[in-house]
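Residue numbers (my numbering): 4 to 378.
Beta carbons are placed, not taken as given, at the ideal position from N, Cα and C, and that holds for glycine.
Because the structure is a prediction, the values reported are computed rather than measured.
Take a look at the structure below.
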Amino acid sequence: MGKLRRRMAAAVVTAAAAAMALTPLPASAAPSNGPDPVVQGEPFVGKTLTTEIGPYTFYGCGGGKGPDFTIYWTRDGFLVAGETGRNYVLQQDDTGGRMAAHLTASKNSCSGETLHSNETAPVGAVNRARGFTGRAFELLARGSDGTLSLYGRTGKAWDPARTVGWGWQGFNAVLSPGDFNGDGKSDVLARDTAGTLYLYAGDGTGGWKPAQTVGKGWNIFDSIVSPGDFNGDGTNDILAREPGGALYLYPGNGSGGWLARTAVGQGWQVMDALLTPGDFNGDGKTDVLARDRNGYLYFYGGNGAGGWARSWLIGVGWSALKSVGAAGDFDRDGSPDVYGVDPQGRLVVYYSDGRTGWRGSEVVGSGWGGFTAIF
4 MGKLRRRMAA
14 AVVTAAAAAM
24 ALTPLPASAA
34 PSNGPDPVVQ
44 GEPFVGKTLT
54 TEIGPYTFYG
64 CGGGKGPDFT
74 IYWTRDGFLV
84 AGETGRNYVL
94 QQDDTGGRMA
104 AHLTASKNSC
114 SGETLHSNET
124 APVGAVNRAR
134 GFTGRAFELL
144 ARGSDGTLSL
154 YGRTGKAWDP
164 ARTVGWGWQG
174 FNAVLSPGDF
184 NGDGKSDVLA
194 RDTAGTLYLY
204 AGDGTGGWKP
214 AQTVGKGWNI
224 FDSIVSPGDF
234 NGDGTNDILA
244 REPGGALYLY
254 PGNGSGGWLA
264 RTAVGQGWQV
274 MDALLTPGDF
284 NGDGKTDVLA
294 RDRNGYLYFY
304 GGNGAGGWAR
314 SWLIGVGWSA
324 LKSVGAAGDF
334 DRDGSPDVYG
344 VDPQGRLVVY
354 YSDGRTGWRG
364 SEVVGSGWGG
374 FTAIF
């Protein structure tokens, strides 16, 4: 029986999805170790996972041409029917599951041995960073007349603004949780003055489906933000703060509703802005940034289970900005960035280094001071 010599190699989940070419060594070569397959790609619905296959060698069998191999995928250890390619596009059914790739190789009449990748992190719903048309960085901006405009970018230039709504001046809070109803498209939540919370499901092209009521009594909160998947269950969530400083997590159920809320903090009334960039320090968990009234910016690391790890100061002087926010990876380097509007109405992007630090900043637009909401 032929065997496949190998060594264990942890699967990684990174933003890169380039696969190495299959390069089997000739049968006459000396036996060499080879790695298990590695799964690369971001574990979010709509993203593509790629199986990376390193060199490997058969020994104990005769010569001949290189080995044949087959690949199959599993979700939480169960076979995903019909998926036998090196690439796998994550579907809604994968939300919350852990994916793995398995490779069975054989050579001529030699029996094969199956190599297994490690499992990915739990697959999450589409996050805000993918934008409203799937282009990584897009902003929605509301004018004083209630007009809602979509600003997208192609390369390093802004596309012409698109009007995607009217009458939005009736809402005193607007935010995007990413995909909130489980259809794979980014959505918007909006609260009116009576405290009713509405879901505007995105259609994937920058438009909306009919609004749905998803909550009442939300006027007890003075800040509502969308961190993404804060508790690690694969669905996008909401954080809401009361004026007294109590902070609550409202976990999404993945279909446009809620699971039971939990208290996740006290004393947050000292902050005048909460920013939700997603994973800001590169550890795979969702984080929060907060600016206090003195302009100090703090990092609050999430623990991936609905709570907190560590926090520390990451910036000073941020009170000079009229508004601040986070909406994805502006420069497409794999790390989420932060934006702010300065007193002159200029839009400034602050580039993250992926480790809670900064690589610099850049003015990327003007005339943004007249908007009543940017998200």
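(message) For P254 and K50, I'd like the C-alpha separation in whole angstroms.
(response) Translated into the one-based positions of the sequence shown, residue 254 becomes position 251. Translated into the one-based positions of the sequence shown, residue 50 becomes position 47. Their Cα atoms are separated by approximately 23 Å.
(message) Going by C-alpha to C-alpha distance, which of T216, K288, L192 sits closest to S241?
(response) By one-based count along the sequence shown, residue 241 stands at place 238. Looking at the sequence provided, one finds Ile at residue 241 rather than Ser. Considering only alpha carbons, the answer is L192.
(message) With H, G and I counted as helix, E and B as strand and the rest as coil, what does DSSP make of S35?
(response) To locate residue 35, count along the sequence shown from 1; it is residue 32. Unreliable placement is indicated for S35, whose pLDDT of 34 sits below 50; the coordinate value is still reported in the next sentence. In the structure shown, S35 falls within a coil segment according to DSSP collapsed to helix, strand and coil.
(request) Starting from the Cα of G310, find the closest Cα among L252, D96, G218 and give me that residue. (result) To locate residue 310, count along the sequence shown from 1; it is residue 307. The shortest C-alpha to C-alpha distance from G310 to any of L252, D96, G218 is the one to L252.
(request) Can you tell me which of the three DSSP states S322 falls into? (result) Here residue 322 is taken as the residue at index 319 of the sequence shown, counted from 1. Residue state, collapsed to three classes: helix.
(request) Give the single residue among G247, Y301, G270, H119 whose Cα lies nearest to the Cα of L57. (result) The sequence position of residue 57 within the sequence shown is 54, counting from 1. For the sequence presented, residue 57 should be read as Gly rather than Leu. For the residues G247, Y301, G270, H119, the minimum Cα distance to G57 belongs to H119.
(message) Tell me the rounded alpha-carbon separation between I377 and A144.
(response) In the sequence shown, residue 377 corresponds to position 374, counting from 1. In the sequence shown, residue 144 corresponds to position 141, counting from 1. Roughly 4 Å between the two C-alpha positions.
(request) Take the Cβ of E365 as the centre, count every other Cβ of all protein chains shown within 10 Å, and call the residue buried at 16 or more, exposed below. (result) Taking the sequence shown and counting its residues from 1, the one referred to as residue 365 is at position 362. Using a 10 angstroms sphere on the CB of E365, the tally of other CB atoms stays under 16, which defines it as exposed.
(message) For a minimum of 3 consecutive residues, which ranges assigned as the beta strand (DSSP E) are wholly contained in the segment 150-193?
(response) Listed in chain order, they are 151-157, 165-168, 174-181.
(request) Compare the beta carbon distance of G368 and L350 with 8 Å and say whether it is the shorter of the two. (result) The residue you call residue 368 lines up with position 365 of the sequence shown. The residue you call residue 350 lines up with position 347 of the sequence shown. L350 is positioned such that its CB atom lies closer than 8 Å to that of G368.
(request) Give the C-beta separation of L324 and G343 to the nearest angstrom, bearing in mind that I take them to be a contact with Cβ-Cβ under 8 Å. (result) Translated into the one-based positions of the sequence shown, residue 324 becomes position 321. Translated into the one-based positions of the sequence shown, residue 343 becomes position 340. Confirmed, about 4 Å.
(message) I need the straight-line Cα distance from G304 to L316, nearest angstrom please.
(response) Mapped onto the sequence shown, residue 304 falls at position 301. Mapped onto the sequence shown, residue 316 falls at position 313. Taking the Cα positions, G304 is about 12 Å away from L316.
(request) Can you grab the Cα-Cα spacing for the pair S152 / D186, in whole Å? (result) To locate residue 152, count along the sequence shown from 1; it is residue 149. To locate residue 186, count along the sequence shown from 1; it is residue 183. Separation of S152 and D186 (C-alpha to C-alpha, rounded to the nearest whole angstrom) is 23 Å.
(message) Measuring straight from C-alpha to C-alpha, what distance separates V217 and D97?
(response) Locating residue 217 in the sequence shown gives position 214, where the first residue counts as 1. Locating residue 97 in the sequence shown gives position 94, where the first residue counts as 1. In a straight line, the C-alpha of V217 is about 24 Å away from that of D97.
(message) Just to confirm, is the Cβ distance from D195 to G170 under 8 Å?
(response) Mapped onto the sequence shown, residue 195 falls at position 192. Mapped onto the sequence shown, residue 170 falls at position 167. Not in contact: D195 and G170 (Cβ atoms no closer than 8 Å).
(request) Taking D295 as the reference, give the member of S229, K288, M274 with the closest Cα. (result) On the sequence shown, residue 295 is found 292 positions in, with the first residue counted as 1. Taking the Cα of D295 as reference, the smallest distance to any Cα among S229, K288, M274 is reached at M274.
(request) May I have the straight-line CA-CA distance separating G328 from F283, to the nearest angstrom? (result) Translated into positions along the sequence shown, residue 328 becomes position 325. Translated into positions along the sequence shown, residue 283 becomes position 280. Rounded to the nearest angstrom, the two C-alpha atoms are 13 Å apart.
(request) Would you kindly check if the distance between the Cβ of Y203 and the Cβ of D182 is under 8 Å? (result) In the sequence shown, the residue the question calls residue 182 occupies position 179. In the sequence shown, the residue the question calls residue 203 occupies position 200. No, the Cβ-Cβ distance between D182 and Y203 is not below 8 Å.
(request) Rank T359, S338, F333, N297 by C-alpha distance to the C-alpha of R313 and give the top, closest one. (result) Here residue 313 is taken as the residue at index 310 of the sequence shown, counted from 1. A check of alpha carbon separations from R313 across T359, S338, F333, N297 identifies T359 as the nearest.
(request) With a threshold of 16 other CB atoms inside 10 Å of the CB of I223, please say whether the residue is buried or exposed. (result) Residue numbering aside, residue 223 sits at position 220 when the sequence shown is read from its first letter. Exposed, by the Cβ-count rule.
(message) Short of 8 Å in beta carbon distance, which residues of its chain neighbour V48, apart from the five on each side in sequence? Order them along the chain.
(response) As a working note, residue 48 is residue 45 in the sequence shown. Excluding sequence positions up to five before and after V48, its CB lies within less than 8 Å of the CB of L93, Q94, Q95, D97, T98, V126, G127, A128, V129, D182, G187, all in the same chain and listed in chain order.
(request) Starting from Y91, follow its DSSP beta bridges and name the residues at the other end. (result) Counting from 1 along the sequence shown, the entry for residue 91 is found at position 88. In the DSSP output, where bridge partners are listed per residue, Y91 has L52.
(request) Starting from W211, follow its DSSP beta bridges and name the residues at the other end. (result) To locate residue 211, count along the sequence shown from 1; it is residue 208. Beta-bridge pairing links W211 to G205.
(message) Quick check on the DSSP output: what are the complete beta strand (DSSP E) runs of length 3 or more inside the segment 303-353, in order along the chain?
(response) Counting whole runs of 3 or more residues, the segment 303-353 contains the beta strand (DSSP E) stretches 311-318, 326-331, 340-344.
(request) Count the other CB atoms, across all protein chains shown, that sit within 10 Å of the CB of V319; report buried if there are 16 or more and exposed otherwise. (result) Your numbering for residue 319 matches position 316 in the sequence shown. If you draw a 10 Å sphere on the C-beta of V319, you find fewer than 16 other C-beta atoms in it, and that means exposed.
(message) At the level of alpha carbons, what is the spacing between G168 and T123?
(response) Mapped onto the sequence shown, residue 168 falls at position 165. Mapped onto the sequence shown, residue 123 falls at position 120. Rounded to whole angstroms, G168 to T123 spans 38 Å at the Cα level.
(message) Give me the DSSP bridge partner(s) of W76.
(response) The residue given as residue 76 occupies position 73 in the sequence shown. A104.
(message) For S322, which residues in the same chain have their Cβ closer than 6 Å to its Cβ, ignoring the five residues on either side in sequence?
(response) For the purposes of this step, residue 322 is taken as the residue at position 319 of the sequence shown. In chain order, G298 place their CB closer than 6 Å to the CB of S322, counting only its own chain and leaving out the 5 sequence neighbours on each side.
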